[in-house]
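When you number the sequence shown by numbering that gives the first Met the number 0, it's gap-free, plus one each residue, and the end is 416. Just below is one structure, and these are the notes that go with it.
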Amino acid sequence: MSHPQLPTILYLAESFPFDLAGGYQQRISSTILTLTTQARVRLLSFHPQSLTLKQQTCLVTDFANQLPPALKTQFLSRFSWEVIYEPKIHQPIQERWREWLKSFLTQQPFLVWQYQNSEFNLRLKNLINQLKPQVIHISHLRLAANLIQQLDQLRSAETTTPTRPRLIYEAVNVEWQLIASQVQYLSKWGRWRWWWWREEKLTQNFERRVTAMFDLIITLSDQDARDLKKLQPKIRQILVWPVTQLPWQNDSAPAPTSTLALTQTPVGTDCNLVFVGNLNWLPNADAIKWFLTEVWPTLALTHPNLKLSVIGESCSFLTLTPRVAAERVIFTGFVTELESWLNQAQIGILPFRMGSGVRLKALTYIFHNLPIVSTQLGMQGLDFPKNQTFLLAKNKSEFIQKINLLIANPQLRTQIS
């Protein structure tokens, strides 16, 4: 019996997702896996580090080896990819003045110019012509900049070409809100506050215009869906696709709220904290700077053996040197292998004060069975029960209290992880 030919999906990603270096990568690799159950998927992605084809193949194979045999075979037979190396994509604006000048002169947000790459654009055009995909799926708003001319061409062909690709945008954040949340913390930055305010308004206009072009928008939370619909009432269709659901072993077991009273923490207890995130992204840099300034000094003095690993590209625009116990704070820079660092940690922290949408790095901690101490913003949009997956800290004193609690109670760490 013959089977109908599988549709083809062209998937655009801002980084090669199969290194699983963070929540974003885990989300995208999971999405691609799901799509391969129904279609052939061709990935075109950027990556800030140079990866040989052998390295790329090893990463994909390692990912596939975690799957059941039948699913692994299906995934490998239906998935193909290519990666465009672009070392500048994670550089801050101060180091990309040419792109900044172009965005300024054209009244376009820097977000639009950040991922402009002639090689990527050429490959995108050729793949659309060669594959004639039924679906083009974008994993981040900034990638729409590379597709915008193609979008116009595809839209103009809508009445004459019945097989026009369906256009899908997977919204990780409401981008203009993400920038707006940063502006309120930049009162001392002078001209940079003005620049971010301008970037917020330009991004809002860009997001409003672009979201109307897609046939379907996927969000990670109901709140993001409502915010995007408010921004652009002409959005055709929105699907809320939650990040994940945890299969709790015992749904009837009560949350360990009775253990949340502050207990005396044994001095000298060995414990490692971890924060994962690219520090050239302002919300990440602000989060760890606040933690090092407000929370770390008290913890470091109370726990002489406590260590903190900050995993991700170094910050080029903020000074993040701890004032206390600096030798016990390790800034790893970019790492190609995240697993070993997470295996050394006992507690994951999400001390966010700014941002929008979902902090996907929370999934990194959850998938590695790490209990989390987080601000409200850190777990926003994730449907995980408080005190079963994370402890909520509303301020500096609560952050210190909850970390002390986890350090003192290994059993509680196991319950929450």
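We put the beta carbon where it would ideally sit given N, CA and C, even for glycine.
Can you pull the DSSP bridge partners for residue i?
i	result
V239	T218
R41	L9, S79
K306	N271
I135	L9, L166
Y84	H46
G311	G332
Count the other CB atoms within 10 Å of the CB of residue i; is the residue buried (16 or more) or exposed (fewer)?
i	result
K393	exposed
P164	buried
L5	exposed
L359	buried
R77	buried
F351	buried
Q113	buried
Q377	As written in the sequence, residue 377 is Gly, which differs from the Gln given in the question. So G377 counts as buried.
W295	buried
S339	exposed
K131	exposed
Any idea what DSSP makes of residue i, helix, strand or coil?
i	result
E349	The residue asked about is misnamed: residue 349 is Leu in this sequence, not Glu. Strand, per DSSP.
T36	coil
L390	strand
G377	helix
L245	Residue confidence is low: L245 scores 34 on pLDDT, short of 50, so the model does not pin down where it sits. Its coordinate-derived value is still stated next. Coil at L245, not helix or strand.
Y114	coil
F330	strand
I234	coil
V372	strand
L298	helix
L319	coil
L261	Any reading at L261 needs caution, since the residue's pLDDT is 35, under 50, leaving its predicted position unreliable; the model's value is listed next. The answer is coil: DSSP assigns L261 none of H, G, I, E or B.
Q107	coil
R208	helix
N64	coil
R417	The shown model of the chain, from 0 to 416, leaves out residue 417, and the question about it has no answer.
F17	helix
A344	coil
Q129	helix
W446	Beyond the ends of the chain as shown, which are 0 and 416, falls residue 446; an answer cannot be given.
V171	coil
A224	helix
I365	helix
So, does the CB of residue i fall closer than 7 angstroms to a CB anywhere in chain D?
i	result
P86	Of the protein chains in this structure there is only one, and it is not chain D.
Cβ of residue i versus every heavy atom of the ligand GDP: is any distance shorter than 6 angstroms?
i	result
P132	This structure simply doesn't include the ligand GDP, nor any ligand for that matter.
Please determine if the region 130-150 and the region 160-179 are in contact, where contact requires at least 3 C-beta pairs separated by less than 8 angstroms.
-> Three or more Cβ pairs drawn from the region 130-150 and the region 160-179 lie within less than 8 angstroms of each other, which places the two stretches in contact.
Inter-stretch contact (C-beta, 8 angstroms, three-pair minimum) for the region 226-233 and the region 361-381 = By the C-beta criterion, the region 226-233 is judged not to be in contact with the region 361-381, since fewer than 3 inter-stretch pairs fall below 8 angstroms.
Do three or more CB pairs link the region 214-230 to the region 189-198 at distances below 8 angstroms?
-> Counting Cβ pairs under 8 angstroms, fewer than three are found: no touch.
Counting pairs of beta carbons, one from the region 282-290 and one from the region 308-320, are three or more of them closer than 8 angstroms?
-> Under the 8 angstroms Cβ criterion, the region 282-290 counts as touching the region 308-320, having at least three qualifying pairs.
Do the region 103-113 and the region 128-137 make contact, defined as three or more Cβ pairs closer than 8 angstroms?
-> The region 103-113 vs the region 128-137: no contact.
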